[in-house]
Amino acid sequence: MKLNFGFLVLLFLSQLSIAQDKMDAYLFAYFEGTGKGELQEQLRFAVSADAQNWKALNSNQPIIGSDTISNSGGIRDPHILRNDGQFFIVATDMFTIKDGWGSNPGIVLMHSKNLTDWEANAIDFQKEYPDTFKNVQWVWAPQTFYDKDNDKYLVYFTIRFSGQDNLDFYSAYANKDFTGFESEPSLMFRAKYGAIDGDIIYKDGIYHLFYKGNTKNEKGEEIKNGIQQAVSTSLEGPWREDFKYLDSYANSDIVVEGSSVFKLNDSEQYILMYDLYSSGRYEFQRSKDLFNFSEKTENFTKDFFPRHGSVIGITKEEVQRLQKKWGGVPKELLNEGE
């Protein structure tokens, strides 16, 4: 049998590329819920082999100082995305330890090609878009979604204006440098009772938008809250709101927020994790279709106390890079002698 050498070379290169891109571990981006107040609202990383047992990098110290990337001196709610060999982080530009909860007018955008060296730019909505956002009070929990159809990155977040009760999702496409927006952000979705902490994931032709929602009585008083979702066949909407609560605590006095969904490596399962912020816990539920989730929650094993974070898969090469930069990677992910 005659072998085609060119075909064999292409096959080898193809298999090499697959091996290089294989996700062997997980990276958790978060901010801390304990320790010195001035150090809590800072970006941190943790790594896991199985997405359940986690080890903080850099001895659970910030991997980059908030005072070097934000206007306020603090960041919250970091969301990390990987796509096409690049990495993107967006976060709330807010330093509540110093400034309180009165207002925060912007977000932070960061990008990297190697996970260890980051470029950042902070956007102040009041200064950047004074006509529309002059009276913005909060710009909360931004996230990024790669729009494959348009080959652009959609950044979305919750907006509240001073003197208004609405908590609505706004969005805008990032510019090519990921330092700002192509145009002024516009309304993306308005939940009936308002919503925060949006998280979009795509599966089988459907965009799933998870968020912390609530239910109000005829007097406008909140009587229930928890994790809900809206779905759409287009990023442009319309979004169909489902008023069902997905988290296991919606019918209890335990409150949750900061939901984030990610797919397990080499598995059809998805993890819905969330922050039990008043209880100091972080737990998760499982799903295969993003509509039905396990009723019983599971716990993370960790040596840190994360607040509202997000998770991506990472390769062995990236694991080694993170270890070299900050240390703390679980031993089972390191080569012998490392």
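In the working numbering, the protein residues as written are 31 to 368.
Yeah, the Cβ is synthetic: ideal placement off N, Cα and C, and Gly gets one too.
Just so we're clear, the structure is a prediction, and the values are computed from it rather than from any experiment.
Query	Result
Residue interval of the alpha helix (DSSP H) (run including Leu352)	346 to 356
Paired residues, beta bridge with Asn151 - DSSP	Leu139
Contact set for Lys222: own chain, Cβ-Cβ below 7 angstroms, skip 5 residues either direction	Glu271
Between the CA atoms of Ser133 and Thr209 - distance to the nearest angstrom	22 angstroms
Local conformation of Asp296 per DSSP, three classes	coil
Identity of the residues DSSP links to Pro336 by a beta bridge	Glu62
Buried versus exposed call for Asn365 [16 or more other C-beta atoms within 10 Å across all chains shown]	exposed
Boundaries (first-last residue) of the alpha helix (DSSP H) holding Pro160	160 to 163
Cβ contact (3+ pairs, closer than 8 angstroms) linking the region 159 to 171 and the region 223 to 230	yes
Pairwise C-alpha distance: Ala59 and Phe75	5 angstroms
3-residue-minimum beta strand (DSSP E) runs that sit fully inside the region 166 to 248, ordered along the chain	166 to 177, 182 to 191, 198 to 203, 216 to 219, 226 to 233, 236 to 246
Spatially closest choice to Leu302 from Ser309, Val261, Gln315, by CA coordinates	Gln315
Proximity of Glu348 and Leu145 at Cβ, strictly below 8 angstroms	yes
Distance between Leu197 and Asp154 (C-alpha atoms, nearest Å)	18 angstroms
Alpha carbon of Phe321 to alpha carbon of Ile236, nearest angstrom	11 angstroms
For Leu43, the three-state DSSP class (helix, strand or coil)	Legend: pLDDT at Leu43 = 38, less than 50; position of this residue unreliable, no value from coordinates given.
Per-residue burial, Lys354 [other beta carbons within 10 Å of its own, 16 or more giving buried]	exposed
Collapsed DSSP secondary structure at Lys318 in the structure displayed	coil
Among Thr98, Thr162, Phe334, the one whose alpha carbon lies nearest that of Pro215	Thr162
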